[in-house]
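First the structure, in the form of structure tokens, and then the observations on it.
In the working numbering, the protein residues as written are 55 to 252.
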């Protein structure tokens with residue numbers, strides 16, 4: 055998945071937690087990422103690789119006379135290797151595996167039974183393994199659905215109702231408030247990042 059962001063004002067996207075490694079390429083100066091408490095500049099035109107599940111903040115330093123431009127590319131080429139691995143390897147990397155499944159098919163109704171059948175694992179065993187790794191299926195679903203919402207809204211202008219269906223967000227629950235709480239920007243702001251209106 056490739057997303058191109060562009061803005062004419064400073065924007066901070068908080069807590070990006072991609073399920074796949076990400077390559078960031080910025081054009082222009084002043085852009086930076088904050089990862090593990092350290093802020094580092096994004097060198098113009100040079101790709102910067104971020105690991106999967108490495109939470110980071112992305113600061114785009116656009117201004118009225120010079121649009122900030124940055125490309126994000128998810129590298130999901132090796133993701134199928136994890137699915138094809140042995141059950142012991144799958145159990146060890148279960149939160150990562152589930153995050154990738156959820157990100158790829160966010161509109162699926164993920165629960166312990168559906169995940170268990172997809173992985174050939176008993177639902178009770180699945181819950182035990184997640185608990186042992188400090189993870190919860192509900193939180194993994196929320197995180198990856200929000201990440202998918204961020205990328206989908208930055209790629210194309212779709213109404214919120216359509217976006218909710220596309221990412222599997224419950225129709226009766228608000229998407230805008232959790233999105234803003236998580237990323238620090240609104241869905242409308244992210245949607246405008248694709249067209250240099252900010």
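Glycine residues also receive a C-beta, built at the ideal position from the N, C-alpha and C atoms.
Computed from a predicted model, the values in this text were never measured in an experiment.
Element boundaries [beta strand (DSSP E), containing residue i]
{"i": "residue 232", "result": "From DSSP, residue 232 is part of no beta strand (DSSP E) but of the alpha helix (DSSP H) over 230 to 237."}
{"i": "residue 76", "result": "76 to 81"}
{"i": "residue 216", "result": "No beta strand (DSSP E) holds residue 216; the alpha helix (DSSP H) holding it covers 214 to 221."}
{"i": "residue 104", "result": "102 to 104"}
{"i": "residue 86", "result": "86 to 89"}
{"i": "residue 110", "result": "110 to 115"}
{"i": "residue 227", "result": "No beta strand (DSSP E) contains residue 227, which DSSP labels as neither H nor E."}
{"i": "residue 70", "result": "64 to 70"}
{"i": "residue 94", "result": "92 to 95"}
Contacts around residue i, its chain only, beta-carbon distance under 6 angstroms, and the 5 residues preceding and following it disregarded
{"i": "residue 160", "result": "199, 202, 221 and 222"}
{"i": "residue 58", "result": "125"}
{"i": "residue 252", "result": "In this prediction, residue 252 scores a pLDDT of 43, lower than 50, which makes its location untrustworthy; no coordinate-derived value is stated."}
{"i": "residue 123", "result": "60 and 81"}
{"i": "residue 241", "result": "207, 230 and 233"}
{"i": "residue 130", "result": "74"}
First and last residue of the uninterrupted alpha helix (DSSP H) at residue i
{"i": "residue 163", "result": "Premise fails: residue 163 is in no alpha helix (DSSP H) and is neither H nor E."}
{"i": "residue 176", "result": "Element bounds for residue 176: n/a, residue is neither H nor E."}
{"i": "residue 197", "result": "191 to 209"}
{"i": "residue 243", "result": "241 to 246"}
{"i": "residue 150", "result": "148 to 158"}
Residue i versus residue j - alpha carbon distance
{"i": "residue 110", "j": "residue 171", "result": "32 angstroms"}
{"i": "residue 153", "j": "residue 194", "result": "6 angstroms"}
{"i": "residue 162", "j": "residue 211", "result": "22 angstroms"}
{"i": "residue 72", "j": "residue 128", "result": "8 angstroms"}
{"i": "residue 218", "j": "residue 197", "result": "14 angstroms"}
{"i": "residue 76", "j": "residue 105", "result": "7 angstroms"}
{"i": "residue 167", "j": "residue 145", "result": "16 angstroms"}
{"i": "residue 107", "j": "residue 150", "result": "8 angstroms"}
{"i": "residue 180", "j": "residue 155", "result": "14 angstroms"}
{"i": "residue 120", "j": "residue 101", "result": "20 angstroms"}
{"i": "residue 235", "j": "residue 207", "result": "16 angstroms"}
{"i": "residue 185", "j": "residue 176", "result": "14 angstroms"}
{"i": "residue 98", "j": "residue 78", "result": "10 angstroms"}
{"i": "residue 239", "j": "residue 231", "result": "10 angstroms"}
{"i": "residue 113", "j": "residue 215", "result": "28 angstroms"}
{"i": "residue 87", "j": "residue 94", "result": "6 angstroms"}
{"i": "residue 191", "j": "residue 158", "result": "15 angstroms"}
{"i": "residue 66", "j": "residue 209", "result": "18 angstroms"}
Sequence-distant residues of its chain with Cβ nearer than 8 angstroms to residue i (five each side left out)
{"i": "residue 250", "result": "Caution is warranted here: a pLDDT of 49 is assigned to residue 250, below 50, making its placement in the model unreliable, and the coordinate value is therefore given only provisionally. Closer than 8 angstroms at Cβ, skipping near neighbours: 60, 61, 62 and 121."}
9 angstroms Cβ cutoff, residue i in contact with chain D
{"i": "residue 114", "result": "The structure shown contains no chain D; it is built from a single protein chain."}
Close Cβ partners of residue i (< 7 angstroms) along its chain, the five nearest in sequence each way excluded
{"i": "residue 83", "result": "98"}
{"i": "residue 103", "result": "75 and 77"}
{"i": "residue 55", "result": "128 and 205"}
{"i": "residue 178", "result": "none"}
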